[in-house]
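J.: Residue numbers for the sequence shown follow the UniProt record's numbering, so the first one is 1 and each next one is one higher.
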Amino acid sequence: MLPLITELDIALTHLIVCSFHINYGGEIHLNDYPPHYPLFSTLWNETLVMKEAGVTVMGMIGGAAPGSFSSYTLDSTDEATFEHYYGQLRDVIVQYGLQGMDLDVEQHMSQAGITRLVTRLHADFGDGFIITLAPVASALANQGNLSGFDYETLEADAVTASGQDMIDFYNAQFYSGFGTMSSPLSYERVIQNGWEPKDIVAGQLTNPANGGGFTSTDSLNQTVIALTQEYGTIGGIMGWEYFNSVPGGTAAPWQWAQEMTEILRPGYGVQLTVTRDTAAALDAAWRESVVSAPSRSGETRPNVDYSAMINA
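1) Is it true that the CB of residue 17 sits closer than 8 Å to the CB of residue 48?
2) Output needed for residue 257: all residues of its chain with C-beta closer than 7 Å, excluding positions within five of it in sequence on either side, in chain order.
3) Of all the options 158, 248, 54, which has the alpha carbon lying nearest to the alpha carbon of residue 120?
4) Determine the direct distance from the alpha carbon of residue 35 to that of residue 214, and round the result to whole angstroms.
5) Within the chosen definition, does the segment 160 to 177 reach the segment 131 to 139 through at least 3 CB pairs nearer than 8 Å?
6) Rounded to the nearest angstrom, what separates residue 83 and residue 63 at their Cα positions?
7) Leaving out the 5 sequence neighbours to the left and right, which residues in its chain are closer than 7 Å to residue 68 when beta-carbon positions are compared?
8) Mark residue 85 as exposed unless 16 or more other C-beta atoms lie within 10 angstroms of its C-beta, in which case mark it buried.
9) Measuring CA to CA, which of 208, 197, 202, 212 is closest to residue 221?
10) Exposed or buried, which one is residue 199 when buried takes at least 16 other CB atoms within 10 Å?
11) Whole-angstrom Cβ separation of residue 175 and residue 212, contact assumed at under 8 Å?
12) Take residue 184 and list the residues in its own chain whose beta-carbon comes closer than 6 Å to its own, dropping the five residues that flank it on each side.
13) Give, in chain order, every unbroken run of the alpha helix (DSSP H) that is at least 4 residues long and sits entirely within the segment 183 to 252.
14) Taking residue 91 as part of the alpha helix (DSSP H), name the residues at either end of that continuous run.
15) Using the beta-carbon count (16 or more within 10 Å), is residue 55 buried or exposed?
16) Where does residue 271 fall in DSSP's three states?
17) Which parts of the segment 111 to 190 are runs of the beta strand (DSSP E), unbroken and 3 residues or longer, counting only runs that do not cross its ends?
18) Hey, which unbroken runs of the beta strand (DSSP E) at 3 residues or more fall wholly within the segment 9 to 72?
19) Closest by CA to residue 267, which one among 8, 2, 1?
20) Is residue 309 helix, strand or coil when you go by DSSP?
21) Between which two residues does the alpha helix (DSSP H) containing residue 103 stretch?
22) Under the rule that 16 or more other beta-carbon atoms within 10 Å means buried, what is residue 208, buried or exposed?
23) Do residue 272 and residue 6 count as a contact pair if the criterion is CB distance below 8 Å?
24) For residue 160 and residue 129, what's the separation of their Cα atoms in angstroms?
25) Alpha carbon to alpha carbon, how far is residue 14 from residue 232?
26) Of the choices 247, 52, 65, whose alpha-carbon is the least far from that of residue 30?
27) Can you tell me where the alpha helix (DSSP H) with residue 3 in it begins and where it stops?
28) Look up residue 75 in the DSSP assignment and say whether it is helix, strand or coil.
29) How many Å lie between residue 182 and residue 142 at the Cα?
30) Along the chain, where does the alpha helix (DSSP H) that runs through residue 257 open and close?
31) Using the Cα positions of residue 244 and residue 162, report the straight-line distance between them to the nearest angstrom.
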């Protein structure tokens with residue numbers, strides 16, 4: 001991931017580690033393995049470097065896989081059950097120093113359940129902890145909604161005693177038939193429904209293989225120009241997902257972020273500091289990760305030259 005802050009002209013603000021899954025009767029997983037599994041050693045060591053460079057490192061829970069928000073786990077009406085599964089999520093946030101959590105609810109969840117989860121995260125981690133949600137864009141325009149609850153009601157309910165919003169912004173999915181950024185219309189429908197442009201991040205596919213409704217960079221650029229002329233600003237652009245982002249593909253996925261920076265914040269970048277000790281730790285973490293991934297056991301060197309990044 002480090003090319004996101006070592007390559008020129010990338011103004012990365014938030015990195016979302018995903019996807020965490022709550023498993024009924026089991027332990028929390030990051031994709032197919034527990035987050036402490038050695039396979040993720042490189043991931044967690046690189047996130048430390050990115051945080052030091054000023055990037056906000058968040059997690060994401062949920063997505064298309066069922067289970068995290070079911071009535072048997074985080075949406076349980078039994079408080080002991082909720083505490084059991086919420087405790088797993090809380091412990092991951094603490095253990096890995098996550099600075100926020102994106103809630104991607106793509107199965108039915110009750111209004112009371114999502115409000116409880118947001119309120120509890122805010123109570124446990126405070127005002128500085130970033131809480132976001134990832135609805136399909138149409139859900140913010142009172143149209144198609146995968147989550148089961150009403151986002152306007154949640155926004156109104158998730159407020160502190162002093163009137164501060166607990167939810168920082170929304171990573172809205174403008175793809176897969178739930179909206180598009182090929183023109184301003186889908187985004188405008190969301191804003192016309194009462195949402196603030198600064199709070200709506202335009203979620204985009206980074207590769208046509210990642211879903212339906214891919215929007216080209218040129219088309220996205222024209223839409224963003226039109227929206228910023230109309231509203232002055234938008235919340236930003238979120239990409240799903242990093243590893244195979246075009247135009248660079250798996251060999252150079254950071255090139256997508258360069259293109260998005262040119263659209264949104266040309267001339268901005270992130271400053272990285274890497275010491276010899278940091279580079280050595282990253283090399284060691286890579287080896288630990290590879291040992292845990294038999295399909296890559298023949299590799300002996302990282303595909304990123306950490307020593308070349310040393311600048312302090």
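Virtual Cβ for every residue (Gly too), placed ideally from N, Cα, C.
T.: Let me spell this out:
1) No, they are not a contact pair.
2) Cβ neighbours of residue 257 within its own chain (closer than 7 Å, five residues either side excluded): 4, 10, 12.
3) Closest by C-alpha distance to residue 120, out of 158, 248, 54, is 158.
4) Those two C-alpha atoms are separated by around 30 Å.
5) Short answer: they touch.
6) Cα to Cα, the separation comes out at about 21 Å.
7) Only 21, 22, 61, 62, 74 meet the Cβ criterion.
8) So residue 85 ends up on the buried side.
9) When each option's Cα is compared against that of residue 221, the closest is 202.
10) Residue 199 is buried by the Cβ-count criterion.
11) Contact flag correct, Cβ pair sits at about 7 Å.
12) Here the set comprises 223, 226, 227.
13) With a minimum length of 4 residues, the continuous alpha helix (DSSP H) runs that stay inside the segment 183 to 252 are 185 to 192, 217 to 231.
14) 79 to 95 is the extent of the alpha helix (DSSP H) around residue 91.
15) So residue 55 counts as buried.
16) In the displayed model, residue 271 falls within coil according to three-state DSSP, outside both helix and strand.
17) Within the segment 111 to 190, the beta strand (DSSP E) runs of at least 3 residues that lie entirely inside it are, in chain order, 130 to 133, 169 to 173.
18) The qualifying runs are 14 to 21, 56 to 63.
19) Selected option, being the one with the closest Cα: 8.
20) Look at residue 309 here: in three-state DSSP terms it is helix.
21) Run containing residue 103: none in the alpha helix (DSSP H); it sits in the beta strand (DSSP E), 100 to 105.
22) It is exposed - the Cβ of residue 208 has fewer than 16 other Cβ atoms within 10 Å.
23) Yes, Cβ-Cβ distance for residue 6 and residue 272 is below 8 Å.
24) Spanning the two alpha carbons is a distance of roughly 14 Å.
25) Whole-angstrom Cα-Cα distance: 21 Å.
26) The shortest Cα separation from residue 30 among 247, 52, 65 belongs to 65.
27) Segment 3 to 6, the alpha helix (DSSP H) holding residue 3.
28) DSSP places residue 75 in the coil class of the three-state scheme, outside both helix and strand.
29) Answer to the nearest angstrom: the Cα atoms are 20 Å apart.
30) Unbroken alpha helix (DSSP H) run through residue 257: 254 to 264.
31) So the alpha carbons of these two residues sit roughly 43 Å apart.
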